[in-house]
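Protein chains: 4
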Amino acid sequence: MTDRAAAKAALQAQTVETPSWAYGNSGTRFKVFAQPGVPRTPYEKLDDAAQVHARTGVAPTVALHIPWDRVDDYAALAKYAAERGLRLGTINSNVFQDDDYRLGSVCHPDRAVRRKALDHLLECVDIMDATGSRDLKLWFSDGTNYPGQDDIRARQDRLAEALGTVYERLGEKQRMLLEYKLFEPAFYTTDVPDWGTAYAHCLRLGPKAQVVVDTGHHAPGTNIEFIVALLLREGKLGGFDFNSRFYADDDLMAGAADPFQLFRIMYEVVRGGGLTPDVAFMLDQCHNIEQKIPAVIRSVMNVQEATAKALLVDGDALSAAQRAGDVLAANAVLMDAYNTDVRPLLAELREETGLDPDPVAAYHRSGWQQRITEERVGGQQAGWGA
Amino acid sequence: MTDRAAAKAALQAQTVETPSWAYGNSGTRFKVFAQPGVPRTPYEKLDDAAQVHARTGVAPTVALHIPWDRVDDYAALAKYAAERGLRLGTINSNVFQDDDYRLGSVCHPDRAVRRKALDHLLECVDIMDATGSRDLKLWFSDGTNYPGQDDIRARQDRLAEALGTVYERLGEKQRMLLEYKLFEPAFYTTDVPDWGTAYAHCLRLGPKAQVVVDTGHHAPGTNIEFIVALLLREGKLGGFDFNSRFYADDDLMAGAADPFQLFRIMYEVVRGGGLTPDVAFMLDQCHNIEQKIPAVIRSVMNVQEATAKALLVDGDALSAAQRAGDVLAANAVLMDAYNTDVRPLLAELREETGLDPDPVAAYHRSGWQQRITEERVGGQQAGWGA
Amino acid sequence: MTDRAAAKAALQAQTVETPSWAYGNSGTRFKVFAQPGVPRTPYEKLDDAAQVHARTGVAPTVALHIPWDRVDDYAALAKYAAERGLRLGTINSNVFQDDDYRLGSVCHPDRAVRRKALDHLLECVDIMDATGSRDLKLWFSDGTNYPGQDDIRARQDRLAEALGTVYERLGEKQRMLLEYKLFEPAFYTTDVPDWGTAYAHCLRLGPKAQVVVDTGHHAPGTNIEFIVALLLREGKLGGFDFNSRFYADDDLMAGAADPFQLFRIMYEVVRGGGLTPDVAFMLDQCHNIEQKIPAVIRSVMNVQEATAKALLVDGDALSAAQRAGDVLAANAVLMDAYNTDVRPLLAELREETGLDPDPVAAYHRSGWQQRITEERVGGQQAGWGA
Amino acid sequence: MTDRAAAKAALQAQTVETPSWAYGNSGTRFKVFAQPGVPRTPYEKLDDAAQVHARTGVAPTVALHIPWDRVDDYAALAKYAAERGLRLGTINSNVFQDDDYRLGSVCHPDRAVRRKALDHLLECVDIMDATGSRDLKLWFSDGTNYPGQDDIRARQDRLAEALGTVYERLGEKQRMLLEYKLFEPAFYTTDVPDWGTAYAHCLRLGPKAQVVVDTGHHAPGTNIEFIVALLLREGKLGGFDFNSRFYADDDLMAGAADPFQLFRIMYEVVRGGGLTPDVAFMLDQCHNIEQKIPAVIRSVMNVQEATAKALLVDGDALSAAQRAGDVLAANAVLMDAYNTDVRPLLAELREETGLDPDPVAAYHRSGWQQRITEERVGGQQAGWGA
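Protein chains in written order, with full-length UniProt numbering: chain A, 1 to 386; chain B, 1 to 386; chain C, 1 to 386; chain D, 1 to 386.
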């Protein structure tokens, strides 16, 4: 027996953090296509994020990227957010967009560069103190392009040293989320290439260090939901960077390329007791060719739909079939939930909380897109690196 | 019996075309790291290419990229090249770096954009007439990011129409080289994703349309030398864009990630009679973190070494073992050639033609790098898009 | 506007061919797990296939594999099938399970082995004459395991020669379906590794030679629906071998690993006018650990559900969004159809044609599984190679 | 400065364990091709292994597979080995070839099957006591084929319980080597799919539990040498199962598909101090189509050549270039070693120890292959499962 009411309550409680950079321009190494109405300041990014929250009701926090979202007064920024029903969320460090980082940041062979990178990480914790953010997300582009370029093991030592220093600096209620990625921008070794490496470091560091799973950062064929189940079992799943991909780190809208995978991931989250605030559900994606705000709305909805389906799995029937070794019956229980059209359920939920049942249509009717297109003229559009 | 003298003669005759853009800055979507001394004009790129040819003796032609290398007077550019012992080579079109091309170029749903892209391709043929270039290399970033975004088949029709128009415009001795690529920057469909698609179009177009193989443009596990053997058998191999990769289109130095693969490719070239001017051997790579000129020199040398090993395969012994079905013996014949250290042979060849046996060391001794670092100050460094 | 009635009519007309070998034992190189009740003769396989057709109403033909399904009297076999409401379908040749084929069949370096393989292929056409089958499906495990083992190009010549001979032997209404596969059991080169190779051969042979797409036979990341669209555009799509996979050629139930991919494939089939008898929709899968008959039923249903969703795509809305370059709207039209729960529609369709709306439940209630478990004792269970 | 004498000493000390099953028949799911002269008993396998050691001088131990190599009297088997200059090596458990293991062994949902599997593992430790083997190698084919089939987390709990029991049973000088594998024969989840999972379990278990790296068990693009470096840094690298692959777990001869990768792996072994008896260098491969004994000899030689090149890397020059951030120079130092033809060095080493410089030729001259072809007639050839 599944419990529709319980599912609705869980969906009501789930929140999805949106990233400030998703509202800005992005692209590939070949071209960044500019779009009209793109924000020019962290404040305007919050304005756009507020639209997403206003339509979906489940996106109350916004992740910041430092230095892209650096401001003089973080308290003012937090206040600006609060006035729009938002909170500032995860602080994302950036130690990959300075010429000094050509050969790495905290793993760089030169101590001076490592120090510069570390100082940036520590500054991010200062910012967390100011914004009240709980999580520091660490992604390092560190790695090498050519065999022999640098010493793999020495780089691990340097990494461990930097992580240790940052860990010591964390406040009592602050956490460090360590992200892994198979490749790009490094093309031979990456210093944190897989969940095992991130896990090993986090284990050494302690309970405030947790692994974050970006759904686009794995080798082809990797079973992501397995990793999710394992990390939850180990108490080391700190959160997600959701996005979708057909090939590499394509950063498409969450659920766009493989909605069944997103469902399987959310099923393991539910199964492993991960549908709690201890696991951060974040988006991290690039809307290179599509309109940005409705793309974020759509992504949030995709996460919700996958979660809804996961919540509708008939756990008793599933367990019974699994225990009986009935392969087809067990698979059928899962597929029954997946094949269910949960859009009516979510529409109902929105209406019950005073929202339009169709967030995308509501956004388009709101006039916001036209307004920003007209008003945001001049200045420098935000983008990767901006 | 292998013939060392014949191998040397073949190596003497082989040339490798270097791309003008390899001398400029490049990077990933995350960051372009600037390097000192990078050229600021097509003329300065030719100066650097001349260094590569001066050290290796086998890189007499330079590929241009339009509009990156657009000049007012191509005859003057050709003359400048000739004065440095160079010729202008393949013309590479670029229909991916304009905001109009957000949804494609010749496959775009809007006829006006398609026309703009086609006009650019035709302009490239005009430039070929001016430079005396034989080959027009066509790579299209066209594709879609999301299922449903556009009609796959209609895009093929548009592609065919554009290719047909360009084909008709080609002069008698001019060729069109059609390049394929699995993905990036498009992340769902790419309009020319594999050799089969390129082959089908070239077959329809006629003998002046040929397929070009970029060694970084395949799905994981693809056997590239098989494709080379097939295209040679079909008379449809127009040339190579050499580079190397561990993951996706990493664009590392040719031979850097998998020297054995480069050897196997060159073996199929030799086996299939492809070591002729009809097959263009070009580099297409990005030196994101390493010095550019010595990286190009090294890449040229890697192609030479792979070719030398391929030429040293004992064809009679190989055929005998293959006919006998002796798997281990046949494999051993190939591996004997691969395991041979051919650097002495190539050093000898260089000395016989008045070159330094160690091109990289000679380059470093030449003072060129210091000179350009000092002199090329101010102005706008060349880079992708510049 | 989509037309529910038209969708139902199309679904009514669609048939899925089931393979005789799916009813027998299968496994991996590590182990074949025996299951109770597995057929011991081609006749018993037809009995099981009749169960699938009786429950689904859309599986009236059965593919045979020679020599696994060799009988003395094919007319008698055809009559036996007809008495159960079935017809004999595609004839699958097998030139990979004889010690002589260690180094290949029609591509073998030894002419005598090639002749033996060719004779088998010609025998298959004889059998087609006897069974009234339209299609000869050719899959060759030919290839090499080690670089140098054999000559890639010579093997293509041998392949072309054999295909030419078989093509000449085909009757006026008979076709040859050439299947490609990236790897396994050959681990270095495979002689027909991709659609391009199959296409090139079929093009040379003529209109009766068509390419067959096995959904498990591609490199990671390959966009299969793109290939489908292309082959339909070229008039060269002969049919499908449906199955599903997470990794390599896993041969799971169709739609099990990536139902969204199966939907996208069926959408391109519908879009390209491929929902006709000219395209053969076949299953080719292995039920290694699950019960075989219900697994086949489930697979047929999965193909139906994907087709139903594809038929429900609102073509006018899609075209309008595509022409407008509205990425999100176009994607949303496709996703609307995919997210629809089509099980009620198919249940309705079944009831209208006198079938149980739930084929799997009906099968389990029928008592067939218990009956064969009890009756099929002794003798040699059918399996791969049996 | 590299030290040729030191390299030779290290090569003299290195040993490679050969697997008893490499001498028997093997194949793919499609076909096992029988070869003449294949052993019929564990004793005959030792006879063949003795040939490999006699020709190479570095293969003194033989890994056993239980139950394939089950005998009544292991002391007698060990004595037989000793008389041929061999020792019995690693004991490999097999809990994947019994019908009971259709849904897993130690992770099976049924307690009775788990107990049976566990008993087999404990029996293997008994055998280790009898043979004096140090290492128990555990590879589990456990996993699932379909989403929902079983509970991922519960299976981890069962796995941990079984491993704990076996760990407790180990003698003081005995070790447990836990192997991971991405997929096959399980096609959805595998219960130990990657190094991270194996590492997490070994860490919990204690110092006698170590990870073993099979070079064919990774997702495409995985950087194996990085894993090697990490595991050495963590003190958790127990050994290798060497083989080579282009696609999946192809089990080709070590070094056959990517000799550069094997070199990079051996470089990290040398760099990380892993060239000691604490790291077991084992082969685990299948000679499906080539002669088995010379294939094993060739594989041993390939490991030696890769090791030799790794030992010849000029460590001082490499470190200097790495510290200086000179990407090209550092890469060149590594490539210089790789491009060296080390066959003369190894031939010299063999001659100094009284061996023929060309082990394969010496084997073929020895008459052993003809002898076993003539003598081993009748009986049941050993093979996977035999």
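Idealized CB from N, CA, C, for every residue including glycine.
All of these numbers come straight from a predicted model, not from anything done at the bench.
Below-8 Å beta-carbon distance, residue i vs any chain C residue
i	result
G325(B)	yes
G221(A)	yes
Sequence-distant residues of its chain with Cβ nearer than 6 Å to residue i (five each side left out)
i	result
residue 387(D)	For chain D, the structure presents residues 1 to 386; residue 387(D) sits outside this window and is missing.
I227(A)	W195
A317(A)	V333
M1(C)	Residue placement at M1(C) is flagged as unreliable, the pLDDT there being 47, under the threshold of 50; a coordinate-derived value is accordingly withheld.
E17(C)	T61, A63, G89, M282
R350(D)	P357
S26(D)	C286, N288, W384
Residue i, buried or exposed, once every other Cβ within 10 Å from all chains shown has been counted against 16
i	result
K173(D)	exposed
V377(A)	exposed
R102(D)	buried
G238(A)	buried
P259(A)	buried
Candidates the options: closest to residue i by CA position
i	options	result
K236(B)	Y80(B), M176(B), G367(B), P193(B)	M176(B)
P67(C)	I265(C), A13(C), N92(C)	N92(C)
P359(C)	S105(C), D135(C), Q261(C), A54(C)	A54(C)
A321(D)	H364(A), Q149(A), A382(A), V211(A)	Q149(A)
R70(C)	T189(C), D48(C), R87(C), Y43(C)	Y43(C)
T189(A)	G221(D), L122(D), V211(D)	G221(D)
W139(B)	A76(B), H65(B), L346(B)	H65(B)
T15(D)	T353(D), V303(D), A329(D), T373(D)	V303(D)
H108(B)	A162(B), D72(B), A78(B)	A162(B)
Beta carbon proximity, residue i to chain B, threshold 8 Å
i	result
Q109(C)	First, the residue type needs correcting, since residue 109(C) is Pro and not Gln in the sequence shown. Yes - at least one Cβ of chain B is within 8 Å of the one on P109(C).
F187(D)	no
D191(A)	no
Y80(C)	no
R376(D)	no
Residues of its chain near residue i, where Cβ-Cβ distance is below 7 Å and the 5 sequence neighbours each way are ignored
i	result
Y74(C)	I127, A130, T131
V52(B)	T18, A59, I293, V296, I297, V300
H120(A)	S93, V95
Residues near residue i in its chain [Cβ-Cβ closer than 8 Å; skip 5 each side]
i	result
I289(B)	F33
A362(A)	R55, L355, D356
Chain D contact for residue i (CB, 8 Å cutoff)
i	result
F246(B)	yes
D142(C)	no
T373(C)	no
W195(A)	yes
F260(B)	yes
Q380(C)	no
L312(B)	no
Contact with chain A by residue i, beta-carbon distance below 8 Å
i	result
I224(C)	no
To be precise: take each residue of the stretch 150 to 174 of chain C, compare its Cβ to all Cβ atoms of chain B, and keep it if any distance is under 7 Å. Which residues remain?
D150, D151, I152, R153, Q156
By the 7 Å beta-carbon criterion, what residues does the stretch 196 to 219 of chain A contribute toward chain D?
G196, T197, Y199, A200, A219
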